[in-house]
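Remarks on the structure that follows.
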Amino acid sequence: MNDKSEQINLLQEALAEAQQTVRAYDIKAQIVGVGYIFALGVVFRLGDLLPKLETGDVAFVILGWGIVIFPILLFGFVLYPTRKSVSGIDQGSSPAAQILYFSPDRHSSVATYLDALQNVDGIAERAGELHKVSSLRELKRNRFLRALFAAGISFIVLFAAQLWRSLTGG
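So the mapping is simple: my numbering equals the position in the sequence shown, first residue as 1, plus 1.
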């Protein structure tokens with residue numbers, strides 16, 4: 002693959018796919034987070050049908066809130082990492098000037114951006130951007146899976162607590 006335009010097209014396609022995946026994790030986290038909150042409403046309504054526990058145990062309340070709220074926070078953390086949060090990743094000895102993503106912090110004016118644009122290697126720029134976006138994609142994927150597993154564990158704990166309450170009459 003010696004044709005530069007072929008290399009650029011390949012990098013551009015890979016970059017577009019990585020960007021779409023990053024956006025997809027944001028959407029998935031929002032949808033699943035809202036679904037989790039609605040599902041909690043159903044679980045708590047079911048729990049209201051069971052007898053109430055009469056306890057003043059602060060640890061129980063804190064643990065309960067931790068089990069319920071922690072997955073919501075984890076879904077929120079999927080949304081937090083942005084392209085800027087992976088800007089410090091190791092680019093190795095990349096000759097990329099990092100101009101594919103315009104940042105006013107890096108270029109104080111259009112003139113400085115245009116000057117930097119004159120000496121750019123298009124392949125290195127796209128490869129550098131692909132590396133950043135792919136790192137962001139992996140970060141979001143890991144956080145999304147962590148939140149999903151936490152929500153699953155939360156439901157298991159809530160189920161076990163309600164089952165215990167129904168079996169013990171407490």
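Note that beta-carbon positions come from the ideal geometry of N, C-alpha and C, so glycine has one too.
Legend entry - Span of the alpha helix (DSSP H) around H132: As a position in the sequence shown, residue 132 is number 131, starting the count at 1. Its alpha helix (DSSP H) spans residues G123 to T169.
Legend entry - Status (buried if at least 16 other CB within 10 Å, exposed otherwise) for F45: On the sequence shown, position 44 is the one that residue 45 refers to. It counts as exposed.
Inset, instruction - Tell me whether the beta-carbon of L137 lies closer than 8 Å to the beta-carbon of V23. - result: Here residue 137 corresponds to residue number 136 of the sequence shown, with the count starting at 1. Here residue 23 corresponds to residue number 22 of the sequence shown, with the count starting at 1. Yes.
Legend entry - Simplified DSSP state of N120, which is helix, strand or coil: In the sequence shown, counting from the first residue as 1, residue 120 sits at position 119. In this structure, N120 counts as coil in the three-state DSSP scheme.
Inset, instruction - Whole angstroms is fine: what's the gap from E126's alpha carbon to V158's? - result: Here residue 126 corresponds to residue number 125 of the sequence shown, with the count starting at 1. Here residue 158 corresponds to residue number 157 of the sequence shown, with the count starting at 1. Distance between E126 and V158, taken at the CA atoms: about 48 Å.
Legend entry - Where R107 sits in the DSSP three-state scheme: Translated into positions along the sequence shown, residue 107 becomes position 106. Coil at R107, not helix or strand.
Inset, instruction - Tell me whether T83 sits in a helix, a strand or coil according to DSSP, three-state version. - result: Counting from 1 along the sequence shown, the entry for residue 83 is found at position 82. Secondary structure of T83 (DSSP, three-state): coil.
Legend entry - Stretch pair the region 128 to 136 + the region 60 to 72: three plus CB contacts closer than 8 Å: Put simply, the region 128 to 136 does not touch the region 60 to 72. Fewer than three CB pairs are less than 8 Å apart.
Inset, instruction - Could you tell me which of F145, N10, A40 and A152 sits nearest to A25, measuring between CA atoms? - result: For the purposes of this step, residue 25 is taken as residue 24 along the sequence shown, with counting starting at 1. Comparing Cα positions, the closest option is F145.
Legend entry - Residue from G123, S155, K29 and Q163 whose Cα sits closest to the Cα of N10: On the sequence shown, residue 10 is found 9 positions in, with the first residue counted as 1. Cα-wise, what sits closest to N10 is G123.
Legend entry - When L140, A112, H108 and L115 are compared against V87, the one with the closest alpha-carbon: Sequence index remark: in the sequence shown, residue 87 carries index 86 (1-based). Selection L140, A112, H108 and L115 evaluated against V87 yields L140 as nearest (Cα-Cα).
Legend entry - Option nearest Q13 by Cα separation, candidates S135, R166, D106 and A152: If you number the sequence shown from 1, residue 13 lands on position 12. Closest option to Q13, judged by alpha-carbon separation, among S135, R166, D106 and A152: S135.
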